[in-house]
Amino acid sequence: MSTPESPPARVPRHVAIIMDGNGRWATARGQGRNAGHRAGIQSVREVIRAARDLGIEVLTLYAFSLENWNRPRTEVSVLMSLLEEYLEKELDEVIAHDGRVRTIGRLDRLPASTRRAVERAVARTADNHGMQVVFALSYGGRAELVDAARRIARDAELGKLDPESLDEKGFAAYLYAPDLPDPDLLIRTGGEQRVSNFLLWQIAYAELHLSDRMWPDFRRADLEAAIADYQRRERRFGLTSEQVRPGSGTSEPGAR
Ligand code: FPP
């Protein structure tokens with residue numbers, strides 16, 4: 261129960277996840293890497309359901325990076341097939357919950373059948389108002405910034421944009437999904453401690469939760485634990501504790 265001393269716990273509006281550890285999960289079991297990707301699908305399903313139940317508005321999943329194109333051809337093709345299979349099997353459930361599927365990334369590099377499956381899921385859910393699940397596909401954070409810069413330069417050339425008037429808000433309008441709020445919480449599974457070219461602009465003030473669980477072992481309880489961890493953080497956005505929580509009694513300088 262919440263009292264004035266314990267305000268209702270804030271649920272992050274936007275959670276982004278770097279789903280890492282499929283390969284190691286499989287190797288540890290004496291299986292090929294693709295068995296790990298296959299097992300990872302069950303975590304995708306469960307985490308999407310859990311996020312919906314928790315009231316998260318946007319869930320962004322790093323499903324395939326631009327760098328992942330350099331993996332062995334068979335692994336890339338298994339990942340593409342799994343994505344297609346997932347979208348075909350799960351779309352009805354997403355629709356039943358008024359969910360919306362979106363994507364960010366350089367989709368023109370996807371094989372035609374994957375692209376069709378993705379575009380179909382996006383189109384069929386475009387008017388829904390429930391949780392948005394954003395699949396980062398063929399995605400790179402630096403590439404997103406380069407793509408934005410190209411479009412900005414083009415608009416400037418066409419006289420549609422005055423470069424001097426460009427500010428952070430104006431720049432962000434050129435990102436892949438400018439209407440989405442920035443992630444409040446970035447989760448990375450698999451024990452590594454890096455951001456791997458994910459949402460470089462958008463995670464400026466995201467809270468980080470690093471989990472040692474390999475992605476195929478990451479389940480509802482792990483997402484709930486990550487949210488609970490987030491709820492214990494104080495987000496200061498460069499201000500002091502006293503500024504964000506007047507009366508908290510602390511005002512140490514340099515708070516980030
Ligand atoms: C990282 O594990 C994971 C990926 C490259 C892709 C994530 C894909 C899935 C969970 C399955 C299909 C996706 C969807 C959205 C249906 P890794 O292979 O880098 O693991 P490692 O670090 O242990 O090698």
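Count along the sequence shown starting at 1, add 260, and that's the number in the working numbering. Glycine is no exception: its CB is placed at the ideal position from the N, C-alpha and C atoms.
Roughly how many angstroms separate the alpha carbons of residue 309 and residue 407, rounded to a whole number?
-> 32 Å
Who are the near neighbours of residue 397 in its chain, counting only those whose CB is closer than 6 Å to its CB and skipping five residues on each side?
-> 323, 324, 363, 365
Where do the N-terminal and C-terminal ends of the beta strand (DSSP E) with residue 470 fall, by residue?
-> 467-470
Residue 381: beta carbon under 6 Å from a heavy atom of ligand 1?
-> no
For ligand 1, any of its heavy atoms closer than 6 Å to the Cβ of residue 518?
-> Because the chain here runs from 261 to 516, residue 518 falls outside it and cannot be looked at.
When the distance is taken between beta carbons, is residue 358 closer than 7 Å to residue 315?
-> no
May I ask whether a heavy atom of ligand 1 can be found less than 6 Å away from the beta carbon of residue 439?
-> no
Less than 6 Å between the CB of residue 340 and some heavy atom of ligand 1, yes or no?
-> no
Might you give, ordered along the chain, the residues of its own chain that have their beta carbon closer than 8 Å to the beta carbon of residue 506, omitting 5 neighbours on each side?
-> none
Within 10 angstroms of the Cβ of residue 458, are there 16 or more other Cβ atoms? Answer buried if so, exposed if not.
-> buried
According to DSSP, is residue 392 helix, strand or coil?
-> strand
DSSP three-state call for residue 324: helix, strand or coil?
-> strand
Taking only runs that begin and end inside the region 374-435, name each unbroken beta strand (DSSP E) of 3 or more residues, in chain order.
-> 392-399
Compute the distance between the beta-carbons of residue 495 and residue 482, then report whether it is under 7 Å.
-> no
Apart from the five residues on each side of it in sequence, which residues of its chain come closer than 7 Å, Cβ to Cβ, to residue 385?
-> 354, 355, 359, 360, 361
Roughly how many angstroms lie between the CA atoms of residue 287 and residue 295, to the nearest whole one?
-> 9 Å
Where does residue 301 fall in DSSP's three states?
-> helix
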